[in-house]
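There are 2 protein chains.
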Amino acid sequence: MSAGELRGRKPRADVQRNRAALLETAQRHFLQHGVGTSLEAVAKEAGVGPGTLYRHFPTREALLAAVLQTRSEELAARQADIKRLDDPAEALEQWLRAMEDYFSAFSGLPDPLMAAARAQEPDNPLTIPCDILISATDQYVRAAQLAGRVRASVRGHDLFLAACSVAWIKGTGTEEEPLDRLRTLIANGYSQGDTPA
Amino acid sequence: MSAGELRGRKPRADVQRNRAALLETAQRHFLQHGVGTSLEAVAKEAGVGPGTLYRHFPTREALLAAVLQTRSEELAARQADIKRLDDPAEALEQWLRAMEDYFSAFSGLPDPLMAAARAQEPDNPLTIPCDILISATDQYVRAAQLAGRVRASVRGHDLFLAACSVAWIKGTGTEEEPLDRLRTLIANGYSQGDTPA
DNA sequence: CATCAAAGCGGATGCTGCCTCCGTATGCAT
DNA sequence: ATGCATACGGAGGCAGCATCCGCTTTGATG
Chain A
1 MSAGELRGRK PRADVQRNRA ALLETAQRHF LQHGVGTSLE AVAKEAGVGP
51 GTLYRHFPTR EALLAAVLQT RSEELAARQA DIKRLDDPAE ALEQWLRAME
101 DYFSAFSGLP DPLMAAARAQ EPDNPLTIPC DILISATDQY VRAAQLAGRV
151 RASVRGHDLF LAACSVAWIK GTGTEEEPLD RLRTLIANGY SQGDTPA
Chain B
1 MSAGELRGRK PRADVQRNRA ALLETAQRHF LQHGVGTSLE AVAKEAGVGP
51 GTLYRHFPTR EALLAAVLQT RSEELAARQA DIKRLDDPAE ALEQWLRAME
101 DYFSAFSGLP DPLMAAARAQ EPDNPLTIPC DILISATDQY VRAAQLAGRV
151 RASVRGHDLF LAACSVAWIK GTGTEEEPLD RLRTLIANGY SQGDTPA
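Chains as they are written, first to last, in the UniProt record's numbering: chain A, 1 to 197; chain B, 1 to 197.
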């Protein structure tokens, strides 16, 4: 009568069920097998045909972006915590770590992410999230620069790239220890006014 | 009689011709389409069947390693130049750049390279080159540390990872300018005693 | 030069995954 | 209950990987 007609005409029932099942299954497969996982397998396990999967998500990137939406909310939550910090340098560091975790949610994720960050094709559904993240990073960088904790030459985009790199290396299966050494190297690279040795 | 029996028994003629043709064609395809290029296409263009390709190079990595051999010689040549430098910090910087160029010879190369560097399966033909490069980097690092130009906490392996990262980003099609900013960031990260701002 | 066995060749083959198209089933409104 | 728009899903065409095996080529031998 009235409530259902919010927009256009009719949101069908099975559509939403299928979409939800696909997202749930896709997330599991991305987690277990990386972003290159077989979409056919995802469809089959979700109990739908390949056609249905491709109608809902025309490209692998579209599916990836939709699954990543969930993770984005986690990231937003973390950002809320970070914003409460007094120390802008500490905030920046934690933000970088949060981005890195986000980027390494699935093995192989950094590649399509970088592709989206570079190309200004607005049809790539991963482009928007990337732009947002770069802007956010820039905020943190500027705040830390005002406090004299970060070199003036550094930009948000630089640290976005750095976080992406670390996430990529993480995804190749490198141990945690060398990874931490690399993080330190990067932190030394952008910091100013402390960490003498 | 005697000359042909250098080792074992007989180096056949077509074997060498095919091998050479495969390497030449593979290099072109790797350059143009990245390391993920179709091996079938390589075989066809080299004028051999798929079977022949796989007999010569059982895996993609094997072919890659063989093609990379050529590049390794270029790298060695560059290393000779670098060793003549007086300034160890300058030497380190140039060496990192040389490695980076080596890593980004073909798009997508850093991935199998990292896989080889991590896994201690000696059957992966890319493992040995990686180990050599890490050791070499360590040499340059130590020399620069003795001169007080590089932080004591830095290791060769860290900068190997860093160079690999930059090469990876380069391979994703990023512009040269942000790339250079990242290099600067890394240089600031390992340097000591200069680059104040 | 003719012969022979070993060594190498290459294409046919089976498999997996991608993506599309369209006849059919399904859910919603009347 | 009926009609119709909407969505389903599987068959099918395509590309690439990797293997196997009957046949050719090659170099050695007399």
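Ideal placement from N, C-alpha and C gives every residue a C-beta, glycine not left out.
{"Item": "Glycine 193 of chain A: which of A:Pro110, A:Ala152, A:Ser107, A:Leu31 sits nearest, CA to CA?", "Value": "A:Ala152"}
{"Item": "Of the choices B:Arg19, B:Ala163, B:Ile169, B:Thr59, whose alpha-carbon is the least far from that of leucine 185 of chain A?", "Value": "B:Ala163"}
{"Item": "Alpha carbon to alpha carbon, how far is alanine 13 of chain B from glutamate 5 of chain B? Give it in angstroms, no decimals.", "Value": "Summary for glutamate 5 of chain B: the model assigns pLDDT 44, below 50, so the residue's position carries little reliability; its value from the coordinates is reported in the next sentence. The alpha-carbon atoms of glutamate 5 of chain B and alanine 13 of chain B are separated by roughly 14 angstroms."}
{"Item": "I want to see whether chain B comes within less than 8 angstroms of arginine 155 of chain A, judged by CB atoms only; does it?", "Value": "yes"}
{"Item": "Would you mind telling me which residues of chain A sit closer than 8 angstroms to aspartate 111 of chain B, beta carbon to beta carbon, in chain order?", "Value": "Thr172"}
{"Item": "Give me, in chain order, the residues of the same chain whose beta-carbon lies closer than 7 angstroms to that of valine 141 of chain B; leave out the 5 immediate sequence neighbours on both sides.", "Value": "Leu92, Val150, Val154, Arg155, Gly156, Leu159"}
{"Item": "Report the residue from A:Ala41, A:Gly173, A:Ala62, A:Leu146 whose alpha carbon sits nearest the alpha carbon of aspartate 87 of chain A.", "Value": "A:Leu146"}
{"Item": "Within this structure, are the beta carbons of leucine 39 of chain A and leucine 53 of chain A separated by less than 8 angstroms?", "Value": "yes"}
{"Item": "Please tell me whether isoleucine 169 of chain B has its Cβ less than 8 angstroms away from any Cβ of chain A.", "Value": "yes"}
{"Item": "So the candidates are A:Arg78, A:Phe106, A:Pro58; which of them puts its Cα closest to the Cα of tryptophan 95 of chain A?", "Value": "A:Arg78"}
{"Item": "Could you tell me whether the Cβ atoms of arginine 181 of chain B and valine 166 of chain B are closer together than 8 angstroms?", "Value": "no"}
{"Item": "Between the C-alpha atoms of lysine 44 of chain A and threonine 37 of chain A, what's the straight-line distance to the nearest angstrom?", "Value": "13 angstroms"}
{"Item": "On the criterion of 16 or more Cβ atoms from any shown chain inside 10 Å, does valine 42 of chain A qualify as buried, or is it exposed?", "Value": "buried"}
{"Item": "Which residue wins for smallest C-alpha separation from alanine 98 of chain A, given the options A:Pro129, A:Ala76, A:Ala20, A:Ala119?", "Value": "A:Ala76"}
{"Item": "Interface residues of chain B around aspartate 158 of chain A at Cβ under 8 angstroms?", "Value": "Pro178, Arg181, Leu182, Leu185"}
{"Item": "By alpha-carbon positions, which one of B:Asn188, B:Leu22, B:Pro58, B:Arg19 ends up nearest to asparagine 124 of chain B?", "Value": "B:Pro58"}
{"Item": "For leucine 109 of chain B, count neighbouring C-beta atoms within 10 Å of its own C-beta (all shown protein chains included) and say buried if the count is 16 or more, exposed if not.", "Value": "buried"}
{"Item": "Counting only beta-carbon atoms, is alanine 65 of chain B nearer than 8 angstroms to chain A?", "Value": "no"}
{"Item": "Alpha helix (DSSP H) containing phenylalanine 106 of chain A: first to last residue?", "Value": "Careful: phenylalanine 106 of chain A lies outside any alpha helix (DSSP H) and carries neither H nor E."}
{"Item": "Residues of chain B with a CB under 7 angstroms from the CB of glycine 189 of chain A: which are they?", "Value": "Leu185, Ile186, Asn188, Gly189"}
{"Item": "Between which two residues does the alpha helix (DSSP H) harbouring arginine 149 of chain A extend?", "Value": "First-last for arginine 149 of chain A: undefined, no H or E at that position."}
{"Item": "Step through the CB atoms of chain A and report whether any lies within less than 8 angstroms of the CB of methionine 99 of chain B.", "Value": "no"}
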